[in-house]
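Input: a single structure, listed below in structure tokens.
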């Protein structure tokens, strides 16, 4: 499922092995929907949190995809307004953290959909004061949701949160962003965390270090997002925003948007040791699809339902 900020609609893709696919309109966004919101799927329910750049909103909306006809409904508001908060579903609860523009208080909070209640989240160590690290860039879930990793923007540290102990610790103090700018959720398969920053990068959760090379096999045209120049005459090049989604059985999907097209590459990872300490990672592509959406803005969210 992808959300386009300018169309303000949700689309759900149909399963198919064909190169060309159609995406059908599933639901219009609420009329009072805010840009720069956070979005997650809790089972068959989609939640949206906060938004608005100048006046951060605490509002919460949700939609039941099994019976979408009633449309979006209001949920219990957060304790504070947030602009583009980072949201994640972990162990049956929804964690909302950070803010794009300023440090919120509390920095994070957790929502229990069964109790319909919010609860403050402890602040990451060293982030009690206002600084540039209030926005979360990525996360990954470990041990079936009993722990999760969080990487704040501009930070060298990767932090671990223990759900049962409700406590933070430093998982890797040299995680950094040396491989590129991380801005979407990571996925974990067999003790390896994968993320996208121009290329699909891999991080060894056991050795707590990056693989020396990105995942191979995704270099072809139409297989991964192309690079583009930041401005006329500029030598600096960057990549289109893309999303990695774990769809089960060790299979990943890479989604991205280019002009009025949505692309998806479905693949799995093959590991080869060749007698070396570090495995070589190679993507085995299972399918590709591309579809056209008229007047579409860039993809803002991509959720597996």
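Residue numbers (the working numbering): 887 to 1191.
Glycine is no exception: its CB is placed at the ideal position from the N, C-alpha and C atoms.
As the structure is a prediction and not an experimental result, all values here were calculated from the model.
So the beta strand (DSSP E) residue 973 belongs to, where does it begin and stop? Run containing residue 973: 972-976, per the beta strand (DSSP E) assignment.
Please report the residue range of the beta strand (DSSP E) in which residue 959 lies. If you look at residue 959, you'll find it in the beta strand (DSSP E) that goes 959-961.
Tell me which residue opens and which closes the beta strand (DSSP E) that residue 1152 is part of. In the DSSP assignment, residue 1152 falls within the unbroken beta strand (DSSP E) covering 1147-1158.
Range of the contiguous beta strand (DSSP E) that encloses residue 1132: Where residue 1132 is concerned, the enclosing beta strand (DSSP E) stretches over 1128-1134.
State the Cα-Cα distance for the pair residue 1000 and residue 1158, rounded to the nearest angstrom. Straight-line Cα distance between these residues: approximately 44 angstroms.
Cα-Cα separation between residue 1061 and residue 1033, rounded to whole angstroms: Looking at the two C-alpha atoms, the distance is approximately 18 angstroms.
First and last residue of the beta strand (DSSP E) that includes residue 921? First-last for residue 921: undefined, no H or E at that position.
Name the one or two DSSP bridge partners that residue 1174 has. The partner list for residue 1174 (beta bridge, DSSP) reads 1151.
Closer than 7 angstroms by C-beta to residue 985: which residues in its own chain qualify, once you throw out the five before and the five after it? Chain order, please. Cβ within range, chain order: 942, 968, 969, 971, 1020 and 1021.
Looking at C-alpha atoms only, which residue of 1039, 1011, 1009 and 1008 is the closest neighbour of residue 1023? Distance check between residue 1023 and each of 1039, 1011, 1009 and 1008 places 1039 closest, using alpha-carbon atoms only.
Among the candidates 1171, 1052 and 997, whose CA atom is the shortest distance from the CA of residue 1110? Scanning 1171, 1052 and 997 for the CA closest to the CA of residue 1110 turns up 1171.
Please name the residue or residues paired with residue 873 in a DSSP beta bridge. The displayed coordinates of the chain run from 887 to 1191. Any statement about residue 873 would go beyond what the structure contains.
Going by C-alpha distance, which of 1152, 932 and 1029 is nearest residue 950? Among 1152, 932 and 1029, the Cα nearest to that of residue 950 belongs to 932.
Can you tell me the Cβ-Cβ gap for residue 1127 and residue 1185, rounded? I've got them flagged as a contact below 8 angstroms. Between residue 1127 and residue 1185 a beta carbon distance of about 7 angstroms is seen, short of the 8 angstroms cut, so the two are scored as contacting.
Nearest neighbour of residue 1026, chosen from 1142, 913 and 1131 [CA to CA]: Cα-wise, what sits closest to residue 1026 is 1131.
Determine the DSSP secondary structure at residue 1031, reduced to helix, strand or coil. The answer is helix: DSSP assigns residue 1031 an H, G or I state.
Roughly how many angstroms lie between the CA atoms of residue 959 and residue 995, to the nearest whole one? So the two alpha carbons sit approximately 21 angstroms from each other.
In angstroms, rounded to a whole number, what distance separates the CA positions of residue 1151 and residue 1049? Going from the Cα of residue 1151 to the Cα of residue 1049 covers about 33 angstroms.
Going along the chain, which residues of its own chain have a beta-carbon closer than 7 angstroms to the beta-carbon of residue 1047, five neighbours each way excluded? Cβ contact annotation for residue 1047 (same chain, cutoff 7 angstroms, sequence separation greater than five): 1033, 1034, 1036 and 1054, in chain order.
Hey, could you find the ends of the beta strand (DSSP E) residue 950 is sitting in? Segment 946-950, the beta strand (DSSP E) holding residue 950.
In whole angstroms, what is the alpha-carbon distance linking residue 927 and residue 935? Their Cα atoms are separated by approximately 12 angstroms.
Around the C-beta of residue 1167, are 16 or more other C-beta atoms found within 10 angstroms, so that it is buried, or is it exposed? With 16 or more other Cβ atoms within 10 Å, it is buried.
Please specify which runs of the alpha helix (DSSP H), each continuous and at least 4 residues long, are wholly inside the region 1049-1109, giving them in chain order. Runs of the alpha helix (DSSP H) lying entirely within the region 1049-1109, each at least 4 residues long, are absent.
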